[in-house]
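Visitor:
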Amino acid sequence: MEFGDILRQIRKERGLSQDELAAMLGTTKQVLSRYETKKRVPRLSVVADYAKKLGLPLSVLSGEAAEPLPPGLQAVGSRRRVPVLGAAACGEPIYSPGDGTDFVSVEDDLPCDFALIAEGDSMTGDRIHSGDIVFIRSTDHVEDGEIAAVALDNELTLKHVRRLRGPDGSVVFTQLLPSNPSFSPIDIGGEDETRCVRILGKAVAVRFSLR
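For this note's numbering, count along the sequence shown from 1 and bump the result up by 525.
(1) What residue range does the alpha helix (DSSP H) around residue 537 cover?
(2) Look up residue 591 in the DSSP assignment and say whether it is helix, strand or coil.
(3) What residue from 690, 579, 580 and 659 has the CA that sits closest to residue 608's CA?
(4) Look up residue 649 in the DSSP assignment and say whether it is helix, strand or coil.
(5) Look at the alpha carbon of residue 635 and the alpha carbon of residue 648, and state the distance between them as a whole number of angstroms.
(6) In this structure, how does DSSP classify residue 564 when only helix, strand and coil are distinguished?
(7) How many angstroms separate the CA atom of residue 530 from the CA atom of residue 561?
(8) Let's test the definition: count the other Cβ atoms within 10 Å of the Cβ of residue 631 and tell me whether it reaches 16, buried, or not, exposed.
(9) Pairs of beta-carbons, one from the region 667-677 and one from the region 705-725, closer than 8 Å: are there three or more?
(10) Leaving aside the five residues before and after residue 627 along the sequence, list all residues of the same chain whose C-beta is less than 8 Å from its C-beta, in chain order.
(11) Apart from the five residues on each side of it in sequence, which residues of its chain come closer than 6 Å, Cβ to Cβ, to residue 709?
(12) Would you mind sorting residue 536 into buried or exposed? The rule is 16 or more other CB atoms within 10 Å of its CB.
(13) So, residue 615 versus residue 576, is the Cβ gap smaller than 8 Å?
(14) Just to confirm before moving on: does the CB-CB distance between residue 640 and residue 728 stay below 8 Å?
(15) Please state whether the Cβ-Cβ distance between residue 704 and residue 650 is less than 8 Å.
(16) Pull up the distance between the alpha-carbon of residue 637 and that of residue 715, whole angstroms please.
(17) Could you check whether residue 702 and residue 687 sit closer than 8 Å to each other, using their CB atoms as the reference points?
(18) Would you kindly report the start and end of the unbroken beta strand (DSSP E) that includes residue 630?
(19) What number of angstroms, rounded off, separates the C-alpha of residue 711 from the C-alpha of residue 698?
(20) Between 542, 568 and 551, which lies nearest to residue 656 when the distance is taken from Cα to Cα?
(21) Is residue 586 helix, strand or coil by DSSP?
(22) Sorted by chain position, which residues of the same chain lie with C-beta nearer than 8 Å to residue 541's C-beta, five sequence neighbours on each side aside?
Below is the structure:
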């Protein structure tokens, strides 16, 4: 059960209209309607604020409750939690390690091992914006054109991968390509390359945040 489903069910159980619940939460009926129809997904700070105003644990409203849910809010479908390891740049490479306590709930059949928070605007052509959660399947190889989480020394970035090959078929160098034309590719390889480069995984899904 996702945030919009839970919010709608709480509203109905408490006999509130969208106008009444919106006033209680300090938002508008229009925003509430977008949440309930899953056209928008709130940031975690918004969910935490709503949970406090509704007198509910954050884990219940976010759909990540490990404890039994209140009556009428039984989860639908099988879900699991994956760690949010930190932030990955959608621009110049950055790395912000997680503290090991952040998790996000996903459907059991989503083939991912961890998640990253996107930062920057270089992947907006793929509808990945700052604050979005990108789900990653661990692998050290991706096909050309796929979006990968790539570590450059101690930095991390999300980009399309393209390999440029020589006449013998060997990789001459690799490009990490943005999908926003305002940003330049990152070239890897050549005689002067000293960075330690490692593909951490392939991007398999994105969860959009409010902007």
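The beta carbon of each residue, even a glycine, is placed where N, CA and C say it ideally should be.
Guide: From the atom records:
(1) For residue 537, the enclosing alpha helix (DSSP H) has its first and last residue at 528-538.
(2) Note that residue 591 scores a pLDDT of 40, beneath 50, so its modelled location is shaky and nothing firm can be said.
(3) 659
(4) helix
(5) 22 Å
(6) Correct three-state label for residue 564: coil.
(7) Separation of residue 530 and residue 561 (C-alpha to C-alpha, rounded to the nearest whole angstrom) is 6 Å.
(8) buried
(9) yes
(10) 608 and 609
(11) none
(12) buried
(13) no
(14) no
(15) It is a contact, given that the beta carbons lie within the stated cut-off.
(16) 32 Å
(17) yes
(18) Here the beta strand (DSSP E) through residue 630 covers 628-632.
(19) 10 Å
(20) 568
(21) helix
(22) 549
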